[in-house]
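For the record, the sequence lines run as chains G and A. Here the first sequence is numbered in the working numbering, starting from 17 and rising by one per residue. Here the second sequence is numbered in the working numbering, starting from 21 and rising by one per residue. We treat Cβ as the ideally placed atom computed from N, Cα and C, and that holds for glycine. Working notes for the structure below.
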Amino acid sequence: MIDFVLLIVLLVAVWEVLHNFIGEHALSSPAETLSYLWTYVGQPAFWPNARASFLALGYAVAIAFVGGLAVGLPLGLYRGAGDVADPYLVALFAIPKITLYPVILLLFGLTLSAKVAFGAIHGFFPVALFAMSGVRSIPRTYLKSARAMGLSSFDTIRSVALPAALPEIVTGMRIGLASTILGTLIGEMFAGTEGLGFVLFKAIDRNNVPLIMALTLLLFVVSSSANALLLAIEHRLHRRVATDLGVTL
Amino acid sequence: MTLTAKRFAVLVLAVGSLEVLCRIGWIDRHTIVAPSEMAVRLWQLLASGSANDDILYTLGNAVAAIGLSIIIGFAAGAAIHALPRLRSILDPLLASYYAVPIFVFYPLLIVLFGINSIPLIIIGAMFGVVAMIVNTLTGLDRVPRALTKSARLLRLGRLQELYLVSLPAAGPHFVTGIKFSIIYSVIAVIAGEFILSARGIGFRVAFAYNSFDGRTMYALLLLLLATVSVVTLSLHAWEKSLHRRWGRE
Chain G
17 MIDFVLLIVL LVAVWEVLHN FIGEHALSSP AETLSYLWTY VGQPAFWPNA
67 RASFLALGYA VAIAFVGGLA VGLPLGLYRG AGDVADPYLV ALFAIPKITL
117 YPVILLLFGL TLSAKVAFGA IHGFFPVALF AMSGVRSIPR TYLKSARAMG
167 LSSFDTIRSV ALPAALPEIV TGMRIGLAST ILGTLIGEMF AGTEGLGFVL
217 FKAIDRNNVP LIMALTLLLF VVSSSANALL LAIEHRLHRR VATDLGVTL
Chain A
21 MTLTAKRFAV LVLAVGSLEV LCRIGWIDRH TIVAPSEMAV RLWQLLASGS
71 ANDDILYTLG NAVAAIGLSI IIGFAAGAAI HALPRLRSIL DPLLASYYAV
121 PIFVFYPLLI VLFGINSIPL IIIGAMFGVV AMIVNTLTGL DRVPRALTKS
171 ARLLRLGRLQ ELYLVSLPAA GPHFVTGIKF SIIYSVIAVI AGEFILSARG
221 IGFRVAFAYN SFDGRTMYAL LLLLLATVSV VTLSLHAWEK SLHRRWGRE
């Protein structure tokens, strides 16, 4: 807890120093940003945009998670198929997806679907990759037992692979969530007609520094809280799996 | 069929079906142009040398950003590892760094430095550096206690221990760090060029899109995809072989 307070103090101090060093025109001060954010959140224009962003993010996260698991889990289970797919997933994960935004726009137009698709392609690959490597690293005996009990592929995934690989899967979801937030936001910046990303883009266009900073702060707080929550779950799961193995081995 | 042959078959099948779908008109040629057309256009661009300037510009910025993130990331990682108190404070920040939309700082950097290489290099380094820090920390954590104890027995200094013992012992993790630094730096540099720049591959993609030049846009995307894939996959293979060698010892 003390560490957390120290971190906040440290970040605010660095921010204040940078503000003094760089100046008002490019970086507003912490106090100013907070008060701007406070009045901005109170304005009626804020909520419809926030709702639009969360709606798009919700759809994108659902598609990225479900799709990523649907692809990653079987690929982890079937080593041969996983070996074939591995380099493709890694390469697709690594390409700067922002350059694909024209393609997405051509496919979906200036719609909610475009934002959702853009967010989902950011989150899909980490979820799939972590699910795959998570399933691959579970002890062979688990899968052998599943085969000995005559489980179907679906049942093996549901009752063996998914629970055993859960810590890695949650790690993938955490990284996937962060990427999806970023993707949806970028989608809104270029393809949006509403949403916080769109507001941010307009603020950048008009060089409205306090608004840029306020939105950045808001996004930072929201996405790092979501991240912290998943990280706590992840630590718990890792510890549980570790003790489980300690008992069985 | 060998693994490479299978992978190649998947690629041929994917590109082939896209080609067929485009040629028979199932995919509108204003949405996606046929892969063969992309390749022809890319060949024209490369042969005429009209894209050379932009390629070199992007390459130069990316290399500078990658170099900075690897050097700063390694130094910062080693320093943070040596100071456990600082590390426990910074831990939540490192864990949620990639949840922050760093791109919103790009316009601020442009205000400060103008539309040139500097904001691109800085944003690239900001994006890549934390991957290197995190992996340096993981790598140094994994150095066996016996090795650090022997280093102390031999009365090595801090720096000597780092270079002679920790660095080789944590090799694979540094390669992982380098891989992610490269991926993230390249993503950020190209994204920055895409958003606002006067030169570079990202800029050319955006320019082609805005002037309805689908063939050029897809040709450049193909170039980008191919380059990033080759680089990532070679690093990925190197990393895997290192892990295998370390695992055996």
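With residue 152 of chain A and residue 97 of chain A assumed to form a contact (beta carbons below 8 Å), what rounded beta-carbon distance in angstroms separates them?
-> The residue you call residue 152 of chain A lines up with position 132 of the second sequence. The residue you call residue 97 of chain A lines up with position 77 of the second sequence. About 7 Å; that satisfies the 8 Å criterion.
The stretch 38-49 of chain A in contact with the stretch 211-224 of chain G per 3-pair CB rule at 8 Å | no
Run the CB neighbour count on residue 237 of chain A, radius 10 Å, all protein chains shown included, and call it buried at 16 or more, exposed below.
-> Counting from 1 along the second sequence, the entry for residue 237 of chain A is found at position 217. Buried.
Quick one: what does DSSP say residue 217 of chain A is sitting in, helix, strand or coil?
-> Working through the second sequence from its first residue, we reach residue 217 of chain A at position 197. In this structure, residue 217 of chain A counts as coil in the three-state DSSP scheme.
How many angstroms separate the CA atom of residue 233 of chain A from the CA atom of residue 157 of chain G?
-> For the purposes of this step, residue 233 of chain A is taken as the residue at position 213 of the second sequence. For the purposes of this step, residue 157 of chain G is taken as the residue at position 141 of the first sequence. Spanning the two alpha carbons is a distance of roughly 55 Å.
Note down the Cα distance separating residue 262 of chain G from residue 254 of chain G, rounded to an integer number of angstroms.
-> Translated into positions along the first sequence, residue 262 of chain G becomes position 246. Translated into positions along the first sequence, residue 254 of chain G becomes position 238. Caution applies to residue 262 of chain G, whose pLDDT of 48 falls short of 50 and renders its modelled position unreliable; the model cannot decide the point.
Residue 71 of chain A versus residue 198 of chain A: straight-line alpha-carbon distance, rounded = Counting from one through the second sequence, the residue named residue 71 of chain A turns up at place 51. Counting from one through the second sequence, the residue named residue 198 of chain A turns up at place 178. Spanning the two alpha carbons is a distance of roughly 28 Å.
Return the residues of the stretch 142-159 of chain A that lie within a Cβ-Cβ distance of less than 9 Å from chain G, sorted by chain order.
-> none
Status (buried if at least 16 other CB within 10 Å, exposed otherwise) for residue 228 of chain G = For the purposes of this step, residue 228 of chain G is identified with residue 212 of the first sequence, where counting begins at 1. When all chains shown are included, residue 228 of chain G counts as buried.
Establish whether the CB of residue 237 of chain A and some CB of chain G are separated by less than 8 Å.
-> Taking the first residue of the second sequence as position 1, residue 237 of chain A is located at position 217. Answer yes: the Cβ-Cβ gap between residue 237 of chain A and chain G drops below 8 Å somewhere.
Residue from A:175, A:65, A:150, A:108 with nearest C-alpha to residue 122 of chain A | Against the second sequence, residue 122 of chain A aligns to sequence position 102. Closest option to residue 122 of chain A, Cα to Cα, is A:150.
Starting from residue 201 of chain G, find everything on chain A with Cβ-Cβ shorter than 7 Å and list it in chain order.
-> Position 185 of the first sequence, counting from 1, holds the residue named residue 201 of chain G. Chain A residues near residue 201 of chain G: 121.
Note down, in chain order, every chain A residue with its Cβ under 8 Å from the Cβ of residue 41 of chain G.
-> Walking along the first sequence from the start, residue 41 of chain G turns up at place 25. The contacting residues are 131.
When you check each C-beta in the stretch 42-56 of chain G against every C-beta of chain A, which residues fall closer than 8 Å?
-> 42, 43
Answer yes or no: does any C-beta atom of chain A fall closer than 8 Å to that of residue 147 of chain G?
-> Position 131 of the first sequence, counted from the first residue, corresponds to residue 147 of chain G. No, no contact with chain A.
What are the start and end residues of the alpha helix (DSSP H) that includes residue 136 of chain A?
-> Here residue 136 of chain A refers to the residue found at position 116 when the second sequence is read from its first residue. That residue, residue 136 of chain A, is in no alpha helix (DSSP H); it is neither H nor E in DSSP.
Buried or exposed: which applies to residue 57 of chain G, given that a residue is buried once 16 or more other Cβ atoms fall within 10 Å of its Cβ?
-> Here residue 57 of chain G is taken as the residue at index 41 of the first sequence, counted from 1. It counts as exposed.
Which residues in the same chain as residue 265 of chain G place their Cβ atom closer than 7 Å to its Cβ, once the five residues preceding and following it in sequence are excluded?
-> Here the question's residue 265 of chain G lines up with position 249 in the first sequence. Because the pLDDT of residue 265 of chain G is 38, which lies under 50, any placement of that residue in the model is unreliable, and the number read from its coordinates should be weighed accordingly. Leaving aside the five residues that flank residue 265 of chain G on each side, none in its chain has a CB nearer than 7 Å to its CB.
Could you give the DSSP three-state label for residue 172 of chain G: helix, strand or coil?
-> Translated into positions along the first sequence, residue 172 of chain G becomes position 156. In the structure shown, residue 172 of chain G sits in a helix (DSSP, three-state: H, G or I).
Does any CB atom of chain A fall closer than 8 Å to the CB of residue 186 of chain G?
-> Taking the first residue of the first sequence as position 1, residue 186 of chain G is located at position 170. Chain A contact via Cβ: absent.
Between the C-alpha atoms of residue 178 of chain G and residue 190 of chain G, what's the straight-line distance to the nearest angstrom?
-> Along the first sequence, read from residue 1 onward, the residue named residue 178 of chain G stands at position 162. Along the first sequence, read from residue 1 onward, the residue named residue 190 of chain G stands at position 174. Going from the Cα of residue 178 of chain G to the Cα of residue 190 of chain G covers about 16 Å.
Quick one: is residue 125 of chain G buried, meaning 16 or more other Cβ sit within 10 Å of its Cβ, or exposed?
-> Counting from 1 along the first sequence, the entry for residue 125 of chain G is found at position 109. The residue in question, residue 125 of chain G, is exposed, as its Cβ has fewer than 16 Cβ neighbours within 10 Å.
Chain-ordered neighbours of residue 26 of chain A on chain G, where CB pairs are closer than 7 Å = For the purposes of this step, residue 26 of chain A is taken as the residue at position 6 of the second sequence. For the C-beta of residue 26 of chain A, the chain G residues within less than 7 Å are, from N- to C-terminus, 100.
For the stretch 195-210 of chain G against the stretch 62-69 of chain G, are there 3 or more C-beta pairs whose distance is under 8 Å?
-> yes
Taking residue 124 of chain A and residue 232 of chain G to be in contact with their CB atoms under 8 Å, please state how far apart those CB atoms are, rounded to whole angstroms.
-> Position 104 of the second sequence, counted from the start, is the residue given in the question as residue 124 of chain A. Position 216 of the first sequence, counted from the start, is the residue given in the question as residue 232 of chain G. About 5 Å; that satisfies the 8 Å criterion.
Within chain A, partners of residue 178 of chain G - CB distance below 9 Å | As a working mapping, residue 178 of chain G is identified with position 162 in the first sequence. Within chain A, no residue comes near residue 178 of chain G; the closest Cβ sits about 24 Å away, beyond 9 Å.
Give a yes or no on whether the minimum CB-CB distance between residue 265 of chain G and chain A is below 8 Å.
-> Counting from one through the first sequence, the residue named residue 265 of chain G turns up at place 249. Low confidence applies here, because residue 265 of chain G scores a pLDDT of 38, under 50, leaving its location unreliable; read the following figure in that light. Taking Cβ atoms only, chain A never reaches closer than 8 Å to residue 265 of chain G, which makes this a no.
Take the Cβ of residue 142 of chain G as the centre, count every other Cβ of all protein chains shown within 10 Å, and call the residue buried at 16 or more, exposed below.
-> Sequence index remark: in the first sequence, residue 142 of chain G carries index 126 (1-based). When all chains shown are included, residue 142 of chain G counts as buried.
What three-state label does DSSP hand residue 58 of chain A in the structure shown?
-> Locating residue 58 of chain A in the second sequence gives position 38, counting from the first residue. Helix, per DSSP.
Skipping 5 residues on each side, what residues in its chain have a beta carbon closer than 7 Å to that of residue 221 of chain A?
-> Against the second sequence, residue 221 of chain A aligns to sequence position 201. Once the five neighbours on either side are set aside, the close Cβ partners of residue 221 of chain A are 74, 75, 78, 210, 213, 240, 244.
How long is the line joining the alpha carbons of residue 239 of chain G and residue 107 of chain A, rounded to whole angstroms?
-> As a working note, residue 239 of chain G is residue 223 in the first sequence. As a working note, residue 107 of chain A is residue 87 in the second sequence. Those two C-alpha atoms are separated by around 21 Å.
Against chain A: residues of the stretch 221-233 of chain G by CB proximity under 8 Å | 223, 225, 228, 231, 232
If you run the structure through DSSP and keep just helix, strand and coil, what is residue 83 of chain A?
-> Stepping through the second sequence from its first residue, residue 83 of chain A is reached at position 63. Residue state, collapsed to three classes: helix.
Report yes if the C-beta distance between residue 176 of chain G and residue 162 of chain G is below 8 Å; otherwise report no.
-> Residue 176 of chain G sits at position 160 when you count from the first residue of the first sequence. Residue 162 of chain G sits at position 146 when you count from the first residue of the first sequence. It is a contact, given that the beta carbons lie within the stated cut-off.
Out of curiosity, what's the CA-to-CA distance linking residue 130 of chain A and residue 176 of chain A?
-> As a first step, residue 130 of chain A must be located in the second sequence, where it is residue number 110. As a first step, residue 176 of chain A must be located in the second sequence, where it is residue number 156. The alpha-carbon atoms of residue 130 of chain A and residue 176 of chain A are separated by roughly 45 Å.
Continuous alpha helix (DSSP H) stretch holding residue 113 of chain G: start and end | For the purposes of this step, residue 113 of chain G is taken as the residue at position 97 of the first sequence. Counting along the chain, residue 113 of chain G falls outside any alpha helix (DSSP H), and DSSP gives it neither H nor E.
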